[in-house]
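Just so you know, we're using our numbering here: the sequence shown kicks off at 2 and counts up by one.
The beta carbon of each residue, even a glycine, is placed where N, CA and C say it ideally should be.
Bear in mind that the values here come from a model prediction, so they are computed numbers and not experimental data.
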Amino acid sequence: MAGGKETPRQKMIGMMYLVLTALLALQVSNQILQKFILINDGLERTSTNYIQKNQFSVNIISSTVEQQGNNPVDIPKVEAAREIREKSSDLYNYLEDAKNLLIEQSNAINDEGNFKTSALKNTDIPGNLFNNNRLGYEMQERLNAFPEELNQILGELEISSSFEKIAKDASEIDLFKNDVDVNYKDYVNLNYVKSPIGAVLAIISQHQNEVLNIESEALTAITNSLGSFIFEADKLKAQVAANSNVVAAGTTFEAEMFLASSSSSTELKMTADGREIPVEAGFGKIQFPVAPASNYDDRGLAPRTLTGEIIVPIGGQDSVFTINYEYFVAEPVIKVSSEVVNQLYAECANDLVIEVPALGNSYAPEFSVTGGRAIKGARPSDVTVIPGASGSVNITVSSGGNRIGTVEYDIKPVPAPSIQPYVGDTQVNEQNPYAANALTNLQIRAVPEPTFGRTMPNDANFEVTAGEVRLVRNDVPRESVNITGRNVAVRNLLAQAQSGDRLIIIAREVTRTNFMGNKIKSPVNEISQISIR
Numbered sequence: 002m003a004g005g006k007e008t009p010r011q012k013m014i015g016m017m018y019l020v021l022t023a024l025l026a027l028q029v030s031n032q033i034l035q036k037f038i039l040i041n042d043g044l045e046r047t048s049t050n051y052i053q054k055n056q057f058s059v060n061i062i063s064s065t066v067e068q069q070g071n072n073p074v075d076i077p078k079v080e081a082a083r084e085i086r087e088k089s090s091d092l093y094n095y096l097e098d099a100k101n102l103l104i105e106q107s108n109a110i111n112d113e114g115n116f117k118t119s120a121l122k123n124t125d126i127p128g129n130l131f132n133n134n135r136l137g138y139e140m141q142e143r144l145n146a147f148p149e150e151l152n153q154i155l156g157e158l159e160i161s162s163s164f165e166k167i168a169k170d171a172s173e174i175d176l177f178k179n180d181v182d183v184n185y186k187d188y189v190n191l192n193y194v195k196s197p198i199g200a201v202l203a204i205i206s207q208h209q210n211e212v213l214n215i216e217s218e219a220l221t222a223i224t225n226s227l228g229s230f231i232f233e234a235d236k237l238k239a240q241v242a243a244n245s246n247v248v249a250a251g252t253t254f255e256a257e258m259f260l261a262s263s264s265s266s267t268e269l270k271m272t273a274d275g276r277e278i279p280v281e282a283g284f285g286k287i288q289f290p291v292a293p294a295s296n297y298d299d300r301g302l303a304p305r306t307l308t309g310e311i312i313v314p315i316g317g318q319d320s321v322f323t324i325n326y327e328y329f330v331a332e333p334v335i336k337v338s339s340e341v342v343n344q345l346y347a348e349c350a351n352d353l354v355i356e357v358p359a360l361g362n363s364y365a366p367e368f369s370v371t372g373g374r375a376i377k378g379a380r381p382s383d384v385t386v387i388p389g390a391s392g393s394v395n396i397t398v399s400s401g402g403n404r405i406g407t408v409e410y411d412i413k414p415v416p417a418p419s420i421q422p423y424v425g426d427t428q429v430n431e432q433n434p435y436a437a438n439a440l441t442n443l444q445i446r447a448v449p450e451p452t453f454g455r456t457m458p459n460d461a462n463f464e465v466t467a468g469e470v471r472l473v474r475n476d477v478p479r480e481s482v483n484i485t486g487r488n489v490a491v492r493n494l495l496a497q498a499q500s501g502d503r504l505i506i507i508a509r510e511v512t513r514t515n516f517m518g519n520k521i522k523s524p525v526n527e528i529s530q531i532s533i534r
């Protein structure tokens, strides 16, 4: 039961909800909004399968009790099953009305019956409807009352259950409870405030799936509590009930394959795409990794067909029922975060965060790089890319052995530093003359370009390693000293200096120490001067 050890279906539903909620924090493109609608369509089709399955379960409970002679212990379970079906149907229709109200207020559907992309981006209407008009808080109350009501109904039948709340605040969700930027948000602000309409529709459809899933588990618990019986099926039909028929490459496809009118007393064998699958209480458990497709259509989808077989012993012989189930593989979107995301600096440690939000917790990335090399970071999504000297870098992203895609970046040369004289930690103002004794602690610094220095601190260590400082009087050089590092020994020059003389600083070479401690020399020709008073 919910609240104990989670079934694969419950885990999939929880993961999908968390992925949908986390995606609301992204700045979504038109393509992602369209995929929200495709996911919503898949959830609605799954709900239709759920409703048929749950109504069938109610009918089975009723007919089973009747066939067993209307045992007084089991008669109340028939009415309980019908009450659960009615409560689920009422809540499902309530959520459907909420979606229709949102579509109506946003005028989201055009005359041809298709969603308008401009309307799907709207974030004001969901906030006004669900927060300002309090519909979201009413919805949260009804959603969370539903599992409590089912726990009470089953408790009166002495059937153990512990269904959890559906509409949770951020602090109640493991993904968000330790995130100080999110965990203060309640259910409404987390899901609907500043959320695009396309995403909100998918979240409400996901809630409908959760309601029907809890109902399904409750009806299964009632069925399992009935006395044993012999059931002879006169009509048989193979079915597949999937969490969604739109899945992202790299995630796990999960579904239940079942034979309508099946009996728990009948031993069934099932296969999916030629592989035998485990059967529990008459239901086959399908689970396999989804490989990426070779070709996606303009919606980012690729059709796939699952072929299943259910082998049923009837009259002493095995009968085979075949089902073909169509689903779609959605092309995952790679998201790269970095201050230098448009171009990568040559021969430098460029720190990137590469994520595929659609994969959720199943994301187990591997990175391969051409035109450079990669070093894994502390977190799975962290990677440091060291490009070559020029050209471009291709980063191929895989997850769980499945190739997700490739991102390409141009290689940007390291910007040259500026050569600046300092006295101690104070930069020299070349417009002002200085007393000779004020320049004894002269330093010649190579200062990195500000953006490079901020974003690549481990690669922005520059030093002037060749050049000279000349004492010039009346445009005639008098003496000079070499520059071999930051500090320059100019005491002898200054001892000879007179008012009106100048120190001419000529930098001829700069050495950069990179993140590995390697020293890279570059020629320069930078000249500056300091007047002596």
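query, result
"Member of Pro-293, Pro-388, Arg-83, Thr-118 whose CA lies at the smallest distance from the CA of Ile-223", "Arg-83"
"Which of helix, strand or coil DSSP assigns to Ala-195", "It is worth fixing the name first, because residue 195 is Lys in this sequence and not Ala. Lys-195: coil per DSSP, three-state reduction."
"Delimiting residues of the alpha helix (DSSP H) encompassing Lys-122", "Unbroken run through Lys-122: none, as it is neither H nor E."
"CB of Tyr-297 within 9 angstroms of CB of Asn-343, strictly", "no"
"Same chain only: Cβ atoms within 8 angstroms of Met-148, ignoring 5 sequence neighbours per side", "Just to set this straight, residue 148 is Pro in the shown sequence, not Met. Taken in chain order, the residues that qualify are Ala-3, Phe-164, Glu-165, Lys-166, Ile-167, Ile-215."
"Other residues of its chain near Ser-393: CB distance less than 8 angstroms, five sequence neighbours each side excluded", "Gly-372, Glu-409, Tyr-410, Asp-411, Ile-412"
"Unbroken beta strand (DSSP E) run spanning Glu-356, endpoints", "351 to 356"
"DSSP beta-bridge partners of Thr-407", "Thr-397"
"One or two residues paired with Ser-523 in a DSSP bridge", "Val-511"
"Own chain partners of Leu-345 with C-beta closer than 8 angstroms, once the 5 adjacent residues on each side are dropped", "Asn-351, Gly-373, Val-386, Pro-388, Val-394, Tyr-410, Asp-411, Ile-412, Lys-413"
"Backbone secondary structure at Lys-336 - three-state DSSP", "strand"
"Beta-carbon spacing of Glu-464, Arg-513 below 9 angstroms", "yes"
"Local conformation of Ala-436 per DSSP, three classes", "coil"
"Span of the alpha helix (DSSP H) around Arg-455", "451 to 456"
"Residues of its chain near Val-525, where Cβ-Cβ distance is below 6 angstroms and the 5 sequence neighbours each way are ignored", "Ala-508, Val-511"
"Inter-stretch contact at 8 angstroms, needing at least 3 Cβ pairs: the region 203 to 219 / the region 75 to 94", "yes"
"Beta-carbon proximity check, Pro-197 vs Lys-122, cutoff 9 angstroms", "yes"
"Three-way DSSP call (helix, strand, coil) for Pro-314 in this model", "strand"
"Spatial neighbours of Ile-126 in its chain, beta-carbon cut-off 6 angstroms, leaving aside the 5 residues before and after", "Gln-106, Ser-107"
"Cutoff 6 angstroms; reference Val-66; Cβ partners in own chain excluding five residues on either side", "Asp-75, Val-79"
"Contacts around Glu-367, its chain only, beta-carbon distance under 6 angstroms, and the 5 residues preceding and following it disregarded", "Ser-399"
"Limits of the unbroken alpha helix (DSSP H) element including Pro-148", "136 to 157"
"Pairwise C-alpha distance: Asp-175 and Ile-110", "36 angstroms"
"Residues near Phe-37 by beta carbon distance below 6 angstroms, same chain, minus five either side", "Gly-199, Ala-200, Ala-203"
"Meets three-Cβ-pair contact criterion under 8 angstroms: the region 298 to 312 and the region 271 to 279", "yes"
"6 angstroms CB neighbourhood of Gln-141 in its chain, flanking five on each side removed", "Ala-168, Tyr-188"
"Member of Ile-324, Asp-476, Leu-302, Leu-307 whose CA lies at the smallest distance from the CA of Pro-333", "Leu-302"
"Coil, strand or helix - Asn-442 by DSSP", "coil"
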